[in-house]
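When we follow numbering that gives the first Met the number 0, the leftmost residue of the sequence shown carries the number 0, and every step to the right adds one.
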Amino acid sequence: MDETVLLLRKWSISEEIIKNFLDNDISIENFKDLTDTYLKELCPHIGQRIILRNNIQDLLESVATTEALSETQFTPIMNHIRLLELTKKSQETVSQVFQFWMTSQIF
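See the structure below:
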């Protein structure tokens, strides 16, 4: 919960609203599930609710972008690891390894 409090304070959310988050066991992990109805209960002040909603939306978009970038950056590495695993298995044939190598994007 400490990271949730720190984040809300960084966004200049009042201690009253932070207390509402704590009282309702709302953490960063729950942000994606916060509907406008929940936000209205947690944050009765319209101005702060708008700030909160915008910051949560930006955070979730940032996380999604980071995850997408991570997946694309590690795909060639994962392909290479998979190729190494295939070559180590004595039951795998040379043709299976060659077929995988030809369809992967290692090189």
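Glycine included, each C-beta is placed from N, C-alpha and C at the ideal position.
Item, Value
"Proximity of GLN47 and SER13 at Cβ, strictly below 8 Å", "yes"
"Continuous alpha helix (DSSP H) stretch holding ASN29: start and end", "It is not in any alpha helix (DSSP H) - ASN29 carries neither H nor E in the DSSP assignment."
"First through last residue of the alpha helix (DSSP H) which encompasses ILE17", "14 to 22"
"Close-in-space but distant-in-sequence residues of the same chain around ARG161 (CB under 7 Å, 5 per side omitted)", "With the chain covering only 0 through 106, there is no way to say anything about residue 161."
"Pick from THR64, LEU59, SER11 that is closest to ILE27, judged by C-alpha positions", "LEU59"
"Length of the line joining the Cα atoms of GLU15 and THR64", "32 Å"
"8 Å Cβ cutoff, SER13 in contact with chain B", "Absent here is chain B; the protein component of the structure consists of one chain."
"Backbone secondary structure at THR34 - three-state DSSP", "coil"
"Local Cβ density within 10 Å of ILE49, reported as buried at 16 or more and exposed below that", "exposed"
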